[in-house]
Every structure is written in C-alpha cells, then in structure tokens.
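One structure is given below, encoded as structure tokens.
In my numbering, the protein residues as written are 1 to 476.
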C-alpha cells in the first residue's frame with residue numbers, strides 16, 4: 001500500500017505541465033484512467049476540501065448511514081484511491097471496493113467556530129492514497145447558530161470534487177434521506193466518470209495563480225500556513241449580527257455591459273470593484289497586473305444536451321442543474337469594464353481555442369475563486385438561489401478548503417459563508433481585519449456609484465483606475 005509521502009513524491013517540480021503521454025489516452029469512460037495534469041498538481045500537496053451539512057433536527061444516524069452508503073454506490077468514484085503508474089510515470093485512479101459507513105456521533109461536540117476550524121484542519125488525517133473521501137457525524141452547539149444540532153461532515157481531496165459538486169452531493173443526500181423507497185436496495189452504479197469538473201491542461205494556468213496568492217493573503221487575511229503538526233490555530237468568529245447576504249438593488253441601478261450575456265456583465269462589475277479595491281488597499285502595486293478568476297454557474301443545461309459541448313455527459317455530473325465554468329480576467333488599472341466582460345464572453349465561447357483548452361474546459365478551480373469571495377461581500381450576491389440544498393435534514397452548508405500555489409506550502413481557507421436553503425447566504429470573516437458596518441455601507445455606495453458612472457460614460461470608457469479613484473473619494 002502506498003503511503004501519502006511516497007505517493008505524492010512521484011510528482012515533482014520538474015514534471016512538465018503536460019502529461020508524458022497523449023492527452024487522448026485520458027478517457028472519462030475508463031475508471032482506472034490517468035489523472036489530469038491539474039488533478040496531479042493539486043494532489044501533490046494533498047489539497048482537501050471539507051463541507052459540513054448543518055442539521056436543525058434530530059438526525060437519524062441509521063437512516064443517514066443508509067443514505068450515505070446509497071450515495072457511495074451511486075457514485076463509486078468517492079471510494080477510489082490513487083496509484084502511481086511506473087510505466088507512464090503518472091498517476092491513475094484506483095477503483096476499489098465501495099466503503100460502507102455506520103455513522104455514529106464523534107465523542108467531542110463542536111461548540112464554537114474555533115473548534116470547527118480546528119476540526120476541519122485535521123481533514124487529511126483520514127484521507128490517504130487509498131481513501132480519498134470520508135463521511136462522519138458530529139454534534140454541533142455553536143451559540144451563533146442556536147437552531148443547529150448536528151453536522152454531517154464530508155471530506156475529500158480537491159482532485160475529486162469542488163465545493164459546488166459537494167453541495168449537489170449533500171442535496172442528493174437530503175433527497176435520499178427523505179425518500180424511503182430509494183433506500184430499499186443498493187443501486188447499480190450510474191456514475192462511472194469523474195463528477196468533478198475537469199481542468200483543461202493549460203501550460204501557463206498554474207503559473208498564473210502566483211499573483212493570486214498575494215492577493216488572497218492580503219484580502220482574506222488567512223489563518224496562516226500549514227504547520228508540520230497540523231495545528232492551524234484557525235481563529236474564526238461571526239460578525240456581530242449575522243445577516244442574510246441579500247443586497248437589493250433597483251434594476252435601474254445596475255448597468256448592462258453591451259455585447260455580452262447578462263451574467264458576464266454582472267461578473268465584470270464585481271471583478272472591476274474587487275480589483276479596484278485591491279489596488280486602492282495596496283494589495284496590488286499600481287503597476288502590477290491582476291489575475292482574477294470567477295466561477296460562473298451555467299444553468300443552460302439544454303445547451304449541453306443539444307451538443308454544444310459534446311464532450312460532457314450531463315447525466316454523469318451528479319445530476320446538477322448547473323455546471324461550473326471557470327473564467328479568468330487578466331489586466332491592470334487601465335483595463336476597461338467592457339474589456340473584462342469581453343474576456344469572459346470570449347473564454348466561454350471557446351470554439352476556436354487550442355485543442356488542450358477545448359478538452360473539457362468546463363471547469364472549476366476552487367483554489368482561485370474561493371479567495372475572492374471574502375470581505376467584499378457584494379461578490380456573493382449573484383449566488384443567491386443557486387446554492388439550494390433542497391428539502392431534508394441538511395439545512396445549511398459550511399465549508400473549508402486548503403489552497404496554495406503549486407510549490408508553496410498550503411494555506412487553509414476558512415469558510416467565509418454558510419449556504420442555506422432556507423435563508424440564502426450568511427457571511428462571516430476571519431478574526432483579522434473585520435469590516436465595520438460603515439465600511440460595508442461604503443462598499444455598497446461604491447458599487448452603486450460605479451454603476452451610475454458606467455451608465456453615463458459607457459463600459460468601454462470606464463477603467464479599473466476610475467473605480468480606484470472612486471474608492472479614494474468614498475472610503476475616507
């Protein structure tokens with residue numbers, strides 16, 4: 001059996017970005033297929049993601065166990081391991097017997113967000129080369145969430161899933177938990193491909209993440225780097241008043257960037273405000289370029305089913321009603337709002353991109369986008385209604401993930417939000433530079449004023465530097 005250390009030592013800094021074999025050798029229909037380049041580089045550092053489904057009622061552990069085991073059979077990939085292929089000098093997935101769970105509450109309940117953070121920080125303790133995912137149950141008694149009684153915890157390597165996919169998995173758990181008939185027999189496996197979105201093998205993508213680390217560290221004020229003894233010392237606390245993230249703007253206050261889909265118009269506004277704040281707050285030097293990824297949840301499944309993206313089997317993506325698509329904006333202070341919107345529109349059209357990028361570029365890279373959902377809470381408003389856990393015992397979802405540039409030590413992203421099927425999205429921040437309510441109001445003022453300027457001057461005539469000046473006038 002491989003150990004974590006020697007398994008991941010097979011991939012080193014000297015390994016080329018592209019696999020040492022033809023990209024055509026990777027087929028999603030082969031359960032023992034090679035990992036993609038992106039997955040290998042993530043797995044190198046044991047990146048993990050942990051989501052906790054929060055329960056507001058008495059959780060029937062026997063029934064929960066049956067629902068979890070049903071999920072494991074539905075999606076056998078959750079039980080796969082990883083092994084090194086010496087002949088091809090690359091890693092393959094290792095199909096193996098499906099894990100069976102008999103859930104019981106862990107001895108120590110979680111009574112604060114500090115304890116939740118420390119609990120999640122040890123996620124790698126149960127994950128190794130032969131076990132890439134794990135379920136557990138824990139009692140929760142956090143004062144800030146008085147109605148929450150328990151949590152169903154799911155831990156997994158980033159190479160298998162992302163936060164959006166786990167949300168869909170927990171939603172499926174809810175469906176199974178409340179449906180007695182579906183638990184009467186073990187299902188035949190219907191999911192033989194990787195339901196994690198696949199990152200295209202772009203040779204420069206990983207290096208493009210380097211500027212992101214500085215921005216992420218400065219913006220989110222993370223809890224620090226991983227330490228050898230796994231003591232992260234994460235410090236989290238809720239805002240004084242937990243509020244639903246639901247900013248309401250009148251339609252006439254939101255400008256529409258011409259020539260692009262509405263969602264891309266909206267994202268271009270968020271990106272403009274975000275990077276303007278980064279320059280204003282000296283997170284980026286005035287002469288430094290920015291790199292800002294954003295994840296767009298595409299709900300146009302009919303486009304996939306009609307053959308626009310023939311390489312995607314919609315029925316094998318965890319039954320999602322939306323697919324995550326990674327879009328990246330690159331620029332500087334002189335980049336206009338129109339250029340940002342055009343960048344995303346062009347990436348999405350992807351019909352004339354290189355063969356490597358065309359190869360399943362519908363993707364999600366939680367490393368980049370997760371860092372940009374912190375502090376500037378306005379960025380999260382477009383997710384309202386898309387993070388639905390359905391009906392069942394799991395009422396909310398809170399998550400953590402590890403992240404890093406490839407050859408740096410990993411850092412732990414504390415969860416900054418609770419996705420709730422009942423209330424929308426709650427937001428809290430790390431125990432560092434908390435925005436005051438006055439500063440939050442100023443963020444809103446910047447957003448509204450930015451839209452007014454764009455409506456008056458046109459998106460092609462408003463640049464990031466204009467919004468930096470707006471911050472300088474508003475943020476006094």
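Ideal Cβ placement from N, Cα and C applies to all residues, glycine included. Bear in mind that the values here come from a model prediction, so they are computed numbers and not experimental data.
Which residues bound the beta strand (DSSP E) around residue 51? 48-55
Compute the distance between the beta-carbons of residue 290 and residue 468, then report whether it is under 9 Å. no
Count the other CB atoms, across all protein chains shown, that sit within 10 Å of the CB of residue 53; report buried if there are 16 or more and exposed otherwise. buried
Identify the continuous alpha helix (DSSP H) that holds residue 93 and give its terminal residues. Counting along the chain, residue 93 falls outside any alpha helix (DSSP H), though it belongs to the beta strand (DSSP E) covering 90-94.
Between 460, 473, 456 and 461, which lies nearest to residue 446 when the distance is taken from Cα to Cα? 473
CA-CA distance, residue 85 and residue 32? 11 Å
In the DSSP output, what is residue 152 paired with across the bridge? 53 and 137
Would you say the region 280-288 touches the region 450-464, given that touching needs at least three Cβ pairs under 8 Å? no
At the level of alpha carbons, what is the spacing between residue 255 and residue 451? 5 Å
Measuring alpha carbon to alpha carbon, tell me which residue in 336, 340, 470 and 133 is nearest residue 461. 336
In or out: residue 66 buried (at least 16 other Cβ within 10 Å) or exposed? buried
Give the C-beta separation of residue 136 and residue 156 to the nearest angstrom, bearing in mind that I take them to be a contact with Cβ-Cβ under 8 Å. That belief does not hold up - the Cβ atoms of residue 136 and residue 156 are roughly 12 Å apart, past 8 Å.
For residue 119, which of 339, 108 and 179 has the nearest alpha-carbon? 108
Tell me which residue opens and which closes the alpha helix (DSSP H) that residue 474 is part of. 464-474
Please say whether residue 129 and residue 81 have beta carbons closer to each other than 9 Å? yes
Return the CA-CA distance between residue 268 and residue 149, expressed in angstroms with no decimal places. 40 Å
Could you check if residue 104 is buried or exposed, using at least 16 other CB atoms within 10 Å of its CB as the buried criterion? exposed
In angstroms, rounded to a whole number, what distance separates the CA positions of residue 147 and residue 139? 12 Å
Nearest CA to the CA of residue 126: which residue from 396, 331, 48 and 274? 48
Secondary structure of residue 457, DSSP reduced to three states: helix
Under the DSSP definition of a beta bridge, which residues are partnered with residue 75? Paired residues: none, contrary to the question.
Could you please give the first and the last residue of the uninterrupted beta strand (DSSP E) stretch that includes residue 82? 81-85
Paired residues, beta bridge with residue 394 - DSSP: 55
For residue 265, which residues in the same chain have their Cβ closer than 7 Å to its Cβ, ignoring the five residues on either side in sequence? 256, 257 and 341
Can you say whether residue 393 is buried or exposed, counting buried as having 16 or more other CB atoms within 10 angstroms of its CB? buried
Quick check on DSSP: helix, strand or coil for residue 291? strand
From residue 228 to residue 154, what does the alpha carbon distance come to, in whole angstroms? The pLDDT assigned to residue 228 is 27, lower than 50, so where the model puts this residue is not dependable, and the model offers no usable value.
Relative to the C-alpha of residue 50, which candidate in 152, 438, 88 and 35 has its C-alpha closest? 152
Can you pull the DSSP bridge partners for residue 110? 140
Rounded to whole angstroms, what is the Cα-Cα separation between residue 492 and residue 476? Missing from the structure shown is residue 492; the chain here goes from 1 to 476 and no further.
Cα-Cα, which of 60, 88 and 69 is closest to residue 34? 88
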